[in-house]
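For reference, the structure discussed in these notes is given below.
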């Protein structure tokens, strides 16, 4: 190796050495570190915003599917808690041949149930569960002690067995006599014991069959006890009118039922009960529009296909249905599931539209926060960019550089958001909305390059003008604002005209955001003049703080537009959500009142007078009113013409007035004038002229009616009248003396009392009744509890709560960043005032007072927007789909959440000011006030 003299190294080697030495000796200055640190913070904020927005946009569809699936499962469970989901019934004839083999009737019933299950369409395959098969015999008569008892015998494969028996055993196949089993309550009331012998008589035939009590069981909470209430508690009936003292039910074996059928030559009633059992993924699938239609088609097709499996055609082409040796009638399917599914689809269709408001508002607030973040980033790099422009860099090149710098951050944020959306998507739901998330991420990414280009673009040099440039700028601003207002108005008008076309209607979701922007434009125009007036007024008072703060607040009003937009949309959406929730809750309560009519009601009381009497005497019942209805054909007394039919509704006005003092129907009847010539005074709605007299023949008695007045809207919609499609003639029971009580077609017993116990009433009249009883007990508290737990309302509340909390968080971030954006100007003002002797507390008050007009304007605008949205979008929302009832529910504000939102809004402003003040204290006077600086 050859030695070289110093200074004789090659040129490229010396240059590399110099560069390495310079790199080792380089130390970043404080300004460079501060700029890099500020960029890191802003870029991290941008990444977090992109992650949140993409996660919200991508995860919204699968999360809404999850909420829809849970809501559908709740509805299915509620329907099947009151009875079987699907019930197939058939009348079984007397066996056509005497059995010589061992009794196989029970196996025949099982085989028929399997045939019914096999007929299920593909959409229901493996989703139906056989719940029970039951066979009932028409009631037989038995004398037990000194009472005549009508005893219903049935076989049920879900009957109590094993340890449920406290005495004896379950009924067996005894060819000598019929074995029965009764509940412990029945044994106590009828004084039955195991081994006691009975004689059963069937109808009017002189046929008797010996029977013996084989066992006594406890029903507990078993389903059969709720669905066959006579099995658990015998019913006492007036013996003087029916010849029967009590009604009861007992269990027996299938073979015993077959023998009793043969001896009495009667039909058996067989039912096969099934329930719909859905997994979470299946519920999500069937909650959608297409899945719901598929489920409804499957349920309707099931009723048509089941006869093909249950019945066959003989050689002559006739349909023959059999269950073992029994001829049977074609199956009749009854189910509440199709109607429930249809109602659920309609409700969820509206729920998705309401939830979309909150989602679009959240994304709008997030994008506005991205704009504020980008403005702050542009402000911090503006001097460096201007220097680069002076050295020949182009505006597009600088914008592209900023886009390249932020693209990795945006990409990372988008990937994080998509990963979160993918992780929370449930199985069976639609996939994350990757396209929507990509569009949202692209918008957030392009904000910073666009604002950078706008800040450093080439501008034409200003020429001396006579003020026409300012006029042109004002005209352009007015044109832009008018365009936004016209778009918002056109969107509202279009929605009110055409309604909502689909659940995820883009126009319906975008209109609230447009209305929020229009509200902000109006606020920016309207609130500065009063603030300027207050500033001039405060200038005549002692102290410069109010005057300076109000003057700067009026001057900075256009610059506060973004912060106003964020706050107005956040608060407006929260108020709107609270208003919708309050309206739905109150509307459902009113619908429950309409459906029940009182604190509790018993419809069909004429078919079960003893139960009605027991209910009226139940603990907690303070008042009772009977509402009777009879259909009447009206014949004009003057012309003898037929004027159609009407529902004659009669009630005791004085009793109703005492039970419900605010009842419009009771007040209308108490004020009604009397009718002459012995006619019954009635009130009616439009269609029958006041003063006209009509006659009607009811149960062989001819009565006259005179229309003495009109029913007001409140009286016509009184809950005691229920929802009647026909015309109503409302009469006082005291005036309706010519019609006997037993001649009334329908009776509903209304029960009033604040201490009514639903469990006590259900003990008297269980929810599900046997087909021979027409009574239906309705309890207001049960309806209210069901509404609180309803899956659709829970989904609405959950979605609104999550979106409101996230929007509030974004609004806080946007407000803090907006304050940081204007911090240099406020810092210079505060520094000058401090040099003049103003204290730190006064400076803090100056900043709060400067933000107070904007905060008040945002609060007023947000509340006005939230209250106006349901009114403006009412025909498109159709909240009646959520509530039911006779009419669209009236808007009802839930003031507690609104007050809580106001407090939270104030806390948000105070927290933002405190955060900005803390950041400002870290800056010394030298950072905001330099010697020789002219800030005029």
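Numbering (my numbering), first residue to last: -14 to 921.
All C-beta atoms, glycine included, are put in the ideal place defined by N, C-alpha and C.
Contact under 8 Å by Cβ, residue 855 with residue 568
Cβ atoms of residue 855 and residue 568: closer than 8 Å.
Would you call the CB atoms of residue 868 and residue 576 closer than 8 Å?
Going by C-beta atoms, residue 868 is nearer than 8 Å to residue 576.
What do you reckon, are the CB atoms on residue 806 and residue 361 nearer than 8 Å?
At the C-beta level, residue 806 and residue 361 come within 8 Å of one another.
Along the chain, which unbroken stretches of the beta strand (DSSP E) at least 3 residues long are found entirely within the segment 527 to 607?
Correct list: 585 to 588.
Does DSSP classify residue 817 as helix, strand or coil?
In the structure shown, residue 817 sits in a helix (DSSP, three-state: H, G or I).
Give me whichever residues DSSP pairs with residue 628 in a beta bridge.
Residue 628 pairs with nothing; no bridge assigned.
What are the boundary residues of the alpha helix (DSSP H) that includes residue 286?
The continuous alpha helix (DSSP H) containing residue 286 extends over residues 274 to 295.
Decide if the segment 172 to 184 is in contact with the segment 237 to 245; the criterion is three or more beta carbon pairs, one per stretch, under 8 Å apart.
Short answer: they don't touch.
In the DSSP assignment, find the unbroken alpha helix (DSSP H) run with residue 868 in it and report its ends.
Start and end: 865 to 868.
Length of the line joining the Cα atoms of residue 338 and residue 46:
Rounded to whole angstroms, residue 338 to residue 46 spans 12 Å at the Cα level.
Is it buried or exposed for residue 561, if we count other Cβ within 10 angstroms and need 16 for buried?
Per the 10 Å Cβ criterion, buried.
Where do the ends of the alpha helix (DSSP H) carrying residue 390 lie?
Where residue 390 is concerned, the enclosing alpha helix (DSSP H) stretches over 380 to 409.
Beta-carbon proximity of residue 587 to residue 760, cut-off 8 Å
Closer than 8 Å, so yes.
Less than 8 Å between the C-beta atoms of residue 666 and residue 693, yes or no?
Contact flag set, yes.
Residue of 702, 570, 690, 863 minimising C-alpha distance to residue 778:
Selected option, being the one with the closest Cα: 570.
Using only CA atoms, which one of 134, 585, 786 lies nearest to residue 563?
The residue with the shortest Cα to Cα distance from residue 563 is 786.
Residue ranges of each alpha helix (DSSP H) run of no fewer than 4 residues wholly in the segment 652 to 702, ordered along the chain?
Runs of the alpha helix (DSSP H) lying entirely within the segment 652 to 702 and spanning at least 4 residues, in chain order: 698 to 701.
Should residue 638 and residue 763 be called a contact, given that it needs their Cβ atoms to be closer than 8 Å?
In this structure, residue 763 does not lie closer than 8 Å to residue 638 by Cβ.
Tell me which same chain residues have a C-beta within less than 6 Å of the C-beta of residue 149, skipping the five on either side of it?
Answer for residue 149: 202, 203, listed in chain order.
As a quick exercise: from 152, 457, 425, 506, pick the residue whose alpha carbon is nearest that of residue 471.
Distance from the Cα of residue 471 is smallest, within the candidate group 152, 457, 425, 506, for 506.
Quick check: residue 109 and residue 303, are their CB atoms within less than 8 Å of each other?
No, these two residues do not count as a Cβ contact at 8 Å.
Count the other CB atoms within 10 Å of the CB of residue 342; is the residue buried (16 or more) or exposed (fewer)?
Residue 342 is buried by the Cβ-count criterion.
Just to confirm before moving on: does the CB-CB distance between residue 580 and residue 768 stay below 8 Å?
In this structure, residue 580 sits near residue 768, with a CB-CB distance shorter than 8 Å.
Skipping 5 residues on each side, what residues in its chain have a beta carbon closer than 7 Å to that of residue 425?
Hits under 7 Å: 38, 39, 42, 348.
Is the segment 265 to 279 in contact with the segment 52 to 71, if contact means three or more CB pairs nearer than 8 Å?
Enough Cβ pairs lie closer than 8 Å, so yes.
Whole-angstrom Cβ separation of residue 608 and residue 619, contact assumed at under 8 Å?
Contact between residue 608 and residue 619 does not hold, since the beta-carbon distance rounds to 32 Å and is not under 8 Å.
So, with DSSP's three-state summary, where would you put residue 609?
Residue 609 falls in the strand class under three-state DSSP.
Using only the heavy atoms of the ligand ADP, determine whether one of them is closer than 7 Å to the beta carbon of residue 610.
As presented, the structure is devoid of all ligands, the ligand ADP included, so that no description of it is given.
When the Cα atoms are used, what is the spatial distance from residue 333 to residue 578?
Going from the Cα of residue 333 to the Cα of residue 578 covers about 23 Å.
In terms of alpha-carbon separation, which member of 248, 845, 125, 71 lies closest to residue 557?
Closest by alpha carbon: 845.
Below 8 Å between beta carbons: does that hold for residue 951 and residue 436?
No information on residue 951 is available, as it lies outside the stretch -14 to 921 that the chain covers here.
With DSSP as the reference, label residue 159 as helix, strand or coil.
Here DSSP, grouped into helix, strand and coil, assigns residue 159 to coil.
Considering only the beta carbon of each residue, do residue 712 and residue 670 sit closer than 8 Å?
Cβ distance < 8 Å, so residue 712 and residue 670 count as in contact.
Is the segment 367 to 381 in contact with the segment 88 to 108, if contact means three or more CB pairs nearer than 8 Å?
No: the two stretches stay apart, fewer than three of their Cβ pairs being nearer than 8 Å.
Assuming residue 320 is part of the beta strand (DSSP E), what are its boundary residues?
Looking at the DSSP string, the run of the beta strand (DSSP E) that includes residue 320 is 317 to 320.
C-beta atoms of residue 313 and residue 306 nearer than 8 Å
The answer is yes: Cβ separation under 8 Å.
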